Amino acid sequence: MNKKFVTHDELKISQLETQNKLIQLDNKTDTKFSELSSKIDSKFNILDNKIDNLEKNIPIIIENTLYKEREYQQNQQKENRRFFWGTIIIGGISAVAAIISAIVSFH
Numbered sequence: 001m002n003k004k005f006v007t008h009d010e011l012k013i014s015q016l017e018t019q020n021k022l023i024q025l026d027n028k029t030d031t032k033f034s035e036l037s038s039k040i041d042s043k044f045n046i047l048d049n050k051i052d053n054l055e056k057n058i059p060i061i062i063e064n065t066l067y068k069e070r071e072y073q074q075n076q077q078k079e080n081r082r083f084f085w086g087t088i089i090i091g092g093i094s095a096v097a098a099i100i101s102a103i104v105s106f107h
């Protein structure tokens with residue numbers, strides 16, 4: 001038999017096989033698109049949840065930041081008071097020492 005020619009039955013079988021392969025490819029493509037669509041939907045759901053949580057967390061984040069800033073300011077005020085009083089005390093001691101040395105040196 002010559003391979004250049006096919007019978008009607010062979011042609012129908014080949015067409016059916018090709019059609020089955022196309023149907024399988026179409027089903028695979030549909031399945032892949034469905035999976036991809038569900039993945040995209042789940043990613044958007046995750047993003048939506050993160051955005052919702054961020055909206056809830058923003059006041060807490062701001063409050064914590066303000067609290068830390070207030071603590072920092074209070075510590076700075078304490079340090080400034082210590083520096084001020086330390087300077088006054090050391091200056092006073094220096095003035096008293098200068099007066100005492102002046103009195104001692106003139107007598």
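Sequential numbering of the sequence shown, starting at 1, is according to full-length UniProt numbering.
Don't be surprised by glycine CBs; every beta carbon is placed ideally from N, CA and C.
All of these numbers come straight from a predicted model, not from anything done at the bench.
Checklist entry - By how many angstroms is the C-alpha of Asp41 removed from the C-alpha of Arg70? => result The count along the sequence shown starts at 1 and reaches residue 70 at position 70. The count along the sequence shown starts at 1 and reaches residue 41 at position 41. About 43 Å.
Next on the checklist: Assuming His8 is part of the alpha helix (DSSP H), what are its boundary residues?
Outcome noted: The count along the sequence shown starts at 1 and reaches residue 8 at position 8. Element bounds for His8: 8 to 106.
Item to check | Euclidean distance between Cα positions of Gly92 and Tyr67 | outcome: Counted from its first residue, the sequence shown places residue 92 at position 92. Counted from its first residue, the sequence shown places residue 67 at position 67. Their Cα atoms are separated by approximately 37 Å.
Checklist entry - Just how far apart, CA to CA, sit Arg81 and Ile46? => result Numbered from 1 along the sequence shown, position 81 holds the residue referred to as residue 81. Numbered from 1 along the sequence shown, position 46 holds the residue referred to as residue 46. Rounded to whole angstroms, Arg81 and Ile46 show a C-alpha spacing of 51 Å.
Checklist entry - Tell me which same chain residues have a C-beta within less than 8 Å of the C-beta of Val6, skipping the five on either side of it? => result Counting from 1 along the sequence shown, the entry for residue 6 is found at position 6. For Val6, same chain residues with a beta-carbon under 8 Å away, outside a window of 5 residues either side, are Ser14 in chain order.
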